[in-house]
Amino acid sequence: MPYPPVPSHFRSGRSNPRSRGLPWTAAATAALLGVHPGVMAQAPAPAGVRAYLVAPGPLDEVLNGFARQAGISLSFTPQQVAGRSSPGLAGEFSVDAALARLLEGSGHSAVAQAPGRYRLQAAAAGSAAVAAAPPAGDAEVATLPTVVVTAAADTGIADASNTIVISRESLDRFPPTSPGDIFRDIAGVMVANNRNGPSLDLNIRGMQGFGRVKVLVDGTESSSSSYKGYGGESTRAFIDPELLGEVKIEKGPNAGPYGAGVVGGVVSASTLTAADLIKDGKSYGLRLRGTLANNQAGTDSYQVFGPGPSGSASAQPGTDAGFREITLPGRTWTGSIVGAWRPNDMLDLVAGLSRRRAGNYVSGSRGDVTGRFAPAEAPRRLSYYQPGSEVYNTSQDTDSVLLKAGLKLPADQRLDLGFSRLESLFGEARSAGYPEYIEQLNLSSADKKLYTARYAWSPVGNPWIDLRANVWAADSEEYQAADIRGIAMISGIHRAQHANTRGRGVEVWNTSVLDLWGVGLSLKYGATWLYEKARIAPLDGGIYMEPNGQRRMSSEFVQAEVMPIDSVTLNAGVRRERYEMRGAGEVSSGIPGQVLPLNIRHGESRTNPSLGATWQIMRAVQLFGRYGEGWRPPSTKETINGLIADSNVGRALLRPEFIRSTEAGARLTLRDQWLRNDQLAASLTFFRNKTTDYVQGFAGEFRNADSADFRGLEFNLNYDGGVVFARYAFTRYSKIEFCGVALAFNTAPPCFKMPYEDYASGWDLSMSGLYVPPKAQHSLTVGARLLERRLTLGARAILARDNAAGGDVVSSGWRSYTVYDLFAGYRINDRLNVNLSVENLTDRFYMDAGTSSMLAIPSPGRTAKLTLTYSL
């Protein structure tokens, strides 16, 4: 039937002009405070009196929180703080007076090593809790490894939700084959299609794709989207684990500076800093690292069809010009060099390079490749790869560069500048669900450039001002190669394309810490602005499904935290958000061969609140709860493709997603239970993410479903007895439900629940199963430290059980699995460390949880990795 006429200019919603003026507002705010709008870095080390608010708790956590607020570096060993607690702090203090209060009764004092640098030592009888720096040559020589707590770039406000930090030590334990490997043992986190290219598509508590989870690198955001046919939509965030210092995961809607448009969580990856590289008493630091791995396929040259990354070649199938030879790396190795220099107290510099070369890997040789897509269905192949065979399109050829400069300015100010670049040539799979697709395809490429400027102003003795400002830019050039979208050769074209993505952002906020009639109050307030633009260029005239467009988002937020009594902390926040999207497309005119242009301009706004509380009911037990609301405006691609879809006869615009996120639980902390100075920390969290107007679909078919509901629990257990240690993480989903799925067959029920047994009624066409995590997932790590802690030995087991999308023939087709890993590390001397790991010890054939059944990419077989690290 002919479609109704569509005007050439389509405009709806409220477009708030104030959002376009936000960068000027931020600049004006900074100017009124007497600073220039730059971006933040680590806070300078104040020495005067100012207000602090630190909740009571274990001594290490309290000292960590104080160091962040005070902007100091504080070094101590785990044994010094084990089994001890602190009453916290609320009011105005100097740094020395605050440390004295926090360390009362601990048996330790803080020794000033240099301005803003302190070290804990055993306090002599009658000595002060804070001592002056000892004369040269008289300083105590530390014989135990120290934990350095350095001021973070932000004055933290306690959050009732779980925040997980992945340290550099954890990253080194198992050098990742794919970037997503660093999240394998984190409760509530899954990486979708982890083996398909060197990018991340993160799932946190069921929330995944199109910005539901924000991935930041040094505060910059740079993600794109790629269509993989029945393999689904893939969100691509590129990171280089080799140059990271740590990764922080915050789950759920976020009321802080980086929470605009977020419903699933924020993952913040921080690159190495001068503090990570320069040892105490030195002005420079250097880290050299090399990793070798086995399990690569022997063949390294292939004939592929389609243009190269430059896009200069364009040919039809069957012609000689359409085929060319590519060469993949013959060995798998990673190398990096990172250095830092601090010529004086005012300046520090960091520079680093990394290179990774990896050919196609080999799958595990043991295991069954068949499974059931539905309980009533006969077993069938999950993948047409054979156990022990080369897995095509898993190669990587990646180079990264990192440059940083930090400058301490007068009047307690600091400015940090940074630049990083990642260039990668890599394989991407089309599908292993059909035997004809088991072949090497053309390579894709990515070139990501990130620019950062961070500013901090924390005037001594002024509790009202702790100003932070971030300005950043991200430029991305991606070549998406031929035949990677699952429908490539249907029309006799290979559908290669270039994708150009630009991002610009500003975040400005201030923290005021007050003492109101003996009650501590912390306020954080600020504004953010984001601009994104995507341009897609097809290289062969083929049909493509990545439209051009741009989107602006802005927000203002306020967070408050108060301690009405010593054992209770309350926090609340509110964020006002708005967005505007512009783009263009074409729709049918009702006349064969003719289309009508469609220009789109649409905007909306919303206010999202959050509430949280913690209650320290006894020294070892803390209860917490949190409620937060958030929204996610549809991406440019979702909006345009959803509007022009043939099935969208009424030209209805997508509505923003709205989420209500709740969690509640308890934390347990025990000390000196079984071994001297041992520590045990456990947490149990019940969560629910209920999203209305959930956007689902793929390619040119995006629609609002009524809702998506994810409920479950997480359990984390960490034990460290010095000689032995263990970590256990468990996630279980009690309910996963999609209601009002628009793209299913007419016979589909109103809601799809887990597990769904009748995929023929349309669950598969909704593509929602792509975002379904395992029903249950376990991770257990155990280890021992021997030979005066110079030698570390350990093992890890990862279990994924009961594919929750068991009835989804298209979306998800992996089997339950158990994988065992081993690791060892030996500190030869203060400069040289050697690490060895063996992953997939039993050489099991399996596919990672979150692998699409149409991509069906097996995970690597047994892989050994040897790493040497030299630090100077």
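The sequence shown begins at 34 in the numbering used here and counts up by one.
We treat Cβ as the ideally placed atom computed from N, Cα and C, and that holds for glycine.
It should be emphasised that the depicted structure is a prediction, and the values quoted were computed from it without experimental measurement.
Apart from sequence neighbours up to five positions away, the residues of its chain that approach residue 784 with a beta-carbon distance below 6 Å are 770 and 772, ordered along the chain. Using a 10 angstroms sphere on the CB of residue 315, the tally of other CB atoms stays under 16, which defines it as exposed. The DSSP-derived three-state label of residue 245 is coil. Sorting 774, 703 and 460 by C-alpha distance to the C-alpha of residue 725 places 774 at the top. When secondary structure is reduced to three states using DSSP, residue 214 falls in the helix class. Just so you know, the alpha carbons of residue 114 and residue 744 end up roughly 37 Å apart. Within the model, the alpha-carbon separation for residue 462 versus residue 481 is close to 21 Å. Non-local beta-carbon contacts of residue 459 in its own chain, meaning distances under 8 Å to residues more than five positions away in sequence, involve 230, 231, 428, 429, 430, 431, 476, 477, 478 and 479 in chain order. For residue 610, the beta-bridge partners assigned by DSSP are 588 and 639. Contact between the segment 881-895 and the segment 382-396 is present: three or more C-beta pairs spanning the two stretches fall below 8 Å.
Residue 625 is classed as exposed because its beta carbon has fewer than 16 other beta carbons within 10 Å across all chains shown. DSSP places residue 130 inside the alpha helix (DSSP H), whose first and last residues are 128-135. Judged by beta-carbon spacing, residue 564 lies beyond the 9 Å limit of residue 542, meaning their Cβ atoms are not closer than that value.
Rounded to whole angstroms, the separation of the alpha carbons of residue 668 and residue 488 is 30 Å. Between the segment 272-283 and the segment 203-212, the count of Cβ pairs shorter than 8 Å is three or higher; the stretches touch. Its Cα nearest to that of residue 553, the residue 601 stands out among 899, 601 and 700.
Residue 765 and residue 808 have their alpha carbons spaced roughly 6 Å apart. DSSP places residue 95 in the uninterrupted alpha helix (DSSP H) bounded by 92-103.
Residue 137 is classed as exposed because its beta carbon has fewer than 16 other beta carbons within 10 Å across all chains shown.
Per DSSP, the beta-bridge partners of residue 831 are 812 and 852. Secondary structure note for residue 308: its alpha helix (DSSP H) is the uninterrupted segment 307-310. Under the three-state reduction of DSSP output, residue 729 falls in the strand class. CA-to-CA, the gap between residue 446 and residue 497 works out to about 15 Å. Each residue's CA atom was taken as its position, placing residue 588 and residue 293 some 7 Å apart. By the beta-carbon neighbour count (other beta carbons within 10 angstroms, threshold 16), residue 376 is exposed. With a cutoff of 9 Å on beta-carbon distance, residue 228 and residue 424 are scored as near each other. Cα atoms of residue 824 and residue 539: separation of roughly 45 Å, rounded to the nearest angstrom. Put simply, of 877, 883 and 901 the residue whose alpha carbon is nearest the alpha carbon of residue 870 is 901. Less than 9 Å separates the beta-carbon of residue 758 from that of residue 818. Counting along the chain, the unbroken alpha helix (DSSP H) around residue 204 starts and ends at 201-206. Residue pairing by DSSP places residue 625 opposite no residue, since no beta bridge is assigned to it. Contact annotation: the segment 431-442 does not touch the segment 241-248, with fewer than three C-beta pairs closer than 8 Å.
Residue 209 has its alpha-carbon roughly 33 Å from the corresponding atom of residue 448. DSSP, read as helix, strand or coil, puts residue 113 in helix.
Taking all protein chains shown into account, residue 707 has fewer than 16 neighbouring C-beta atoms within 10 Å of its C-beta and is therefore exposed. Residue 315 carries a coil assignment under DSSP once its states are collapsed to helix, strand and coil.
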